[in-house]
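One structure is given here, and the rest of the page talks about it.
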Amino acid sequence: MLAAAHEVVGRGHAERLVPMIASLPGEGRAARILVDVGPGSFTGVRVGLAAALGLSIGWGAEVRGYSSLALLAASGFAGNPDIPQLAVVLEGGHGEVFMQAFHSQPFQEDGPFRSLVPIAALEALAGRPAFGSGVRHLAPLAEGLDLCETLPAAADARLLAADFTALPARPIYGRAPDAKTLAERGLA
Numbered sequence: 054m055l056a057a058a059h060e061v062v063g064r065g066h067a068e069r070l071v072p073m074i075a076s077l078p079g080e081g082r083a084a085r086i087l088v089d090v091g092p093g094s095f096t097g098v099r100v101g102l103a104a105a106l107g108l109s110i111g112w113g114a115e116v117r118g119y120s121s122l123a124l125l126a127a128s129g130f131a132g133n134p135d136i137p138q139l140a141v142v143l144e145g146g147h148g149e150v151f152m153q154a155f156h157s158q159p160f161q162e163d164g165p166f167r168s169l170v171p172i173a174a175l176e177a178l179a180g181r182p183a184f185g186s187g188v189r190h191l192a193p194l195a196e197g198l199d200l201c202e203t204l205p206a207a208a209d210a211r212l213l214a215a216d217f218t219a220l221p222a223r224p225i226y227g228r229a230p231d232a233k234t235l236a237e238r239g240l241a
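Using this note's numbering, you'd call the opening residue of the sequence shown number 54 and step up by one each time.
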């Protein structure tokens with residue numbers, strides 16, 4: 054990684070992303086592009102993927118992905134090297150959170166990620182410290198939790214081992230889409 058930029062954007066991902074890339078040294082041009090494939094903001098993940106895939110065509114660059122959950126776990130362990138395991142809890146929308154647990158040595162997933170209501174996520178924590186944007190939904194449910202509200206920062210991808218940065222450039226969704234086909238609505 055030669056350069057990075059980080060900005061929290063509530064709305065306007067599409068309008069900000071390409072100009073941010075262009076403001077990097079060499080106008081951001083790269084031979085390899087690493088992109089967050091989620092789970093996360095439905096629009097944000099899709100905008101990031103569209104930009105990465107579009108730029109890869111123009112630049113002839115290779116595109117690979119990483120999970121936002123693994124990224125936050127690696128960042129959490131880097132800042133807290135004494136903890137053996139943690140959980141990442143991300144905002145999931147619709148009253149749910151996306152949650153996945155990780156071990157530090159060696160860095161690995163402790164099962165698949167799940168979409169859970171906060172009380173179920175609290176139970177699944179099993180005493181682990183938790184990092185991510187979704188921890189604010191757990192804090193009111195119990196006292197004394199080890200919670201760190203944080204967002205993914207792409208520059209932390211340098212903390213991930215190669216196998217965590219080799220995902221296909223396709224979105225990882227946390228749950229089924231809200232939209233229903235005509236057949237699913239009984240209209241076809």
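Don't be surprised by glycine CBs; every beta carbon is placed ideally from N, CA and C.
If you're wondering where the values come from, they're calculated on a predicted model, not measured in any experiment.
Chain-order list of residues whose beta-carbon lies under 7 Å from that of residue i (same chain, five-residue window excluded)
i	result
Leu-220	Val-90, Arg-117, Gly-118, Tyr-119 and Ser-120
Leu-175	Leu-191, Leu-194 and Ala-195
Assigned secondary structure, residue i (DSSP; H/G/I helix, E/B strand, else coil)
i	result
Ile-86	strand
Leu-204	coil
Ala-179	coil
Phe-160	coil
Ala-56	coil
Glu-80	helix
Leu-102	helix
Residue i classed as buried or exposed, judged by whether at least 16 other C-beta atoms fall within 10 angstroms
i	result
Ala-183	buried
His-59	exposed
Ala-123	buried
Leu-194	exposed
Extent of the continuous alpha helix (DSSP H) to which residue i belongs
i	result
Gly-129	121 to 132
Arg-237	In the sequence as displayed, the identity of residue 237 is Glu instead of Arg. First-last for Glu-237: undefined, no H or E at that position.
Val-170	Where Val-170 is concerned, there is no enclosing alpha helix (DSSP H), given that its DSSP letter is neither H nor E.
Other residues of its chain near residue i: CB distance less than 6 Å, five sequence neighbours each side excluded
i	result
Gly-129	Leu-139 and Phe-184
Glu-115	Arg-85
Val-141	Leu-122, Leu-125, Ala-126, Gln-153, Phe-184 and Gly-185
Gly-93	Ser-121
Cβ shell of residue i (< 8 Å), same chain only, five flanking positions each side left out
i	result
Pro-134	Ser-157
Ala-210	Met-54, Leu-87, Tyr-119, Leu-124 and Thr-218
Ala-75	Gly-81
- Task: Would you check if the segment 190 to 206 and the segment 69 to 85 touch, i.e. whether three or more CB-CB distances between them fall below 8 Å?
- Result: no
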